[in-house]
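Enquirer:
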Amino acid sequence: MSKDMFPQVPERPILYDWLYHKTTKDIEMYCQLTEGHSEILECAVGTGRLAIPLAEKGRVVHGIDYSTAMLQKFEEKLPGLPQEVRDCIHLYQADMRDFDLNKKFTFVFVPFGSFVYLLSIEDQKSCLNSLRRHLADGGTLVIDLPTWEEARDEKWLDNDVSVMKVKQTINPTTGNTTEMWSTFRFDSSTQIMEQDRHYKIYDHEGILEKEQVVLWKSRFFLLGEFQLLLETCGLKIAEIYGDFNFGPYHHKSEVAVVVIKAI
Ligand SMILES: C[S@@+](CC[C@H](N)C(=O)[O-])C[C@H]1O[C@@H](n2cnc3c(N)ncnc32)[C@H](O)[C@@H]1O
Numbered sequence: 059m060s061k062d063m064f065p066q067v068p069e070r071p072i073l074y075d076w077l078y079h080k081t082t083k084d085i086e087m088y089c090q091l092t093e094g095h096s097e098i099l100e101c102a103v104g105t106g107r108l109a110i111p112l113a114e115k116g117r118v119v120h121g122i123d124y125s126t127a128m129l130q131k132f133e134e135k136l137p138g139l140p141q142e143v144r145d146c147i148h149l150y151q152a153d154m155r156d157f158d159l160n161k162k163f164t165f166v167f168v169p170f171g172s173f174v175y176l177l178s179i180e181d182q183k184s185c186l187n188s189l190r191r192h193l194a195d196g197g198t199l200v201i202d203l204p205t206w207e208e209a210r211d212e213k214w215l216d217n218d219v220s221v222m223k224v225k226q227t228i229n230p231t232t233g234n235t236t237e238m239w240s241t242f243r244f245d246s247s248t249q250i251m252e253q254d255r256h257y258k259i260y261d262h263e264g265i266l267e268k269e270q271v272v273l274w275k276s277r278f279f280l281l282g283e284f285q286l287l288l289e290t291c292g293l294k295i296a297e298i299y300g301d302f303n304f305g306p307y308h309h310k311s312e313v314a315v316v317v318i319k320a321i
């Protein structure tokens, strides 16, 4: 397993929440996919964007993440939730590349493209082997991945040096605006995209208050490579959807929702 760790999230995960609090497109699909599964395992659970609505539906969510800051942000939300929802959430600090909860699940998932943060084939295999060890007999693993089409659309692969404004959001409490500007570098020899994420926070008068730059890395691959990778870990693709509405996967799909079973 590679020891190469680097900042994956802003020092202040509140920025993550501000930027993604409106991202809800995948929630309904994961609610449907987890129907009938009482206990589920979410890898790279973050601040609970998905885990909380799933717990609200009565799923018992076990969530792992290696970031102390992200988990702390998640834990801060727990007192604001009804007791029966809180009772459904179990958090663990663990690296998805190698972990052991000593428990098996009928449903395991790595949502929101988080598998691309694994930067080498060695790390990807190590993660898949860990996920497989946590799958109960007949259990389902779901991993959603960005596609090359999305990478092209988002201009991640163009090596355009100009700074691009990719996201803007307003803090509902203070009215302050947060912007995330990014530059991308893609190295086709490693399939790794590096992104400098510049977070800029403005006060309510529009004056720049804080700025933070975070290096973000992701490794992109085509589905054929992913299929072979799964097979080397005793896993196989059972189904692929091309959107979060169970639509077909095709050359224009921006996401691949891959439903996986043990061989
Ligand atoms: C894009 S966020 C996704 C959070 C959440 N699943 C969601 O859908 O909002 C990615 C998360 O992956 C976590 N992460 C990245 N690499 C990881 C690893 N090797 N092991 C565990 N968590 C990891 C980060 O700390 C971050 O919380």
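Adding 58 to a residue's 1-based position in the sequence shown gives its number in the numbering used here.
Note that beta-carbon positions come from the ideal geometry of N, C-alpha and C, so glycine has one too.
For clarity, every value in this text was computed on a predicted model and none was experimentally measured.
#1: Which class does Y257 belong to by DSSP, given the choice of helix, strand or coil?
#2: So M154 is in the alpha helix (DSSP H); what residue range does that whole segment cover?
#3: Does DSSP put S276 in a helix, in a strand, or in coil?
#4: Would you call E269 buried or exposed, if buried means 16 or more other Cβ atoms sit within 10 Å of its Cβ?
#5: Hey, is R107 close to ligand 1, as in C-beta under 6 Å from one of its heavy atoms?
#6: Taking all protein chains shown into account, decide if G94 is buried (16 or more other Cβ within 10 angstroms of its Cβ) or exposed.
#7: Helix, strand or coil: which one does DSSP assign to T236?
#8: Tell me which same chain residues have a C-beta within less than 6 Å of the C-beta of W274, skipping the five on either side of it?
#9: For W214, collect the residues of the same chain with a Cβ closer than 7 Å to its Cβ; drop the 5 residues on either side in sequence, then sort them by chain order.
#10: State the Cα-Cα distance for the pair I259 and P204, rounded to the nearest angstrom.
#11: Buried or exposed: which applies to T182, given that a residue is buried once 16 or more other Cβ atoms fall within 10 Å of its Cβ?
Expert: Working from what's here:
#1: Indexing the sequence shown from 1 puts residue 257 at position 199. Of the three classes helix, strand and coil, the one that applies to Y257 here is strand, per DSSP.
#2: Against the sequence shown, residue 154 aligns to sequence position 96. Element bounds for M154: n/a, residue is neither H nor E.
#3: In the sequence shown, the residue the question calls residue 276 occupies position 218. It is a strand residue.
#4: Position 211 of the sequence shown, counting from 1, holds the residue named residue 269. It is exposed - the Cβ of E269 has fewer than 16 other Cβ atoms within 10 Å.
#5: Here residue 107 corresponds to residue number 49 of the sequence shown, with the count starting at 1. Within the cutoff, so yes.
#6: The residue labelled residue 94 in the question sits at position 36 within the sequence shown. With fewer than 16 other Cβ atoms within 10 Å, it is exposed.
#7: Sequence index remark: in the sequence shown, residue 236 carries index 178 (1-based). The answer is strand: DSSP assigns T236 an E or B state.
#8: By 1-based counting over the sequence shown, the position of residue 274 is 216. Result list for W274: Q253, R255, in chain order.
#9: Working through the sequence shown from its first residue, we reach residue 214 at position 156. The residues are F242, F244, M251.
#10: As a working mapping, residue 259 is identified with position 201 in the sequence shown. As a working mapping, residue 204 is identified with position 146 in the sequence shown. Whole-angstrom Cα-Cα distance: 28 Å.
#11: Along the sequence shown, read from residue 1 onward, the residue named residue 182 stands at position 124. According to the sequence as given, residue 182 is Gln; it is not Thr. When all chains shown are included, Q182 counts as buried.
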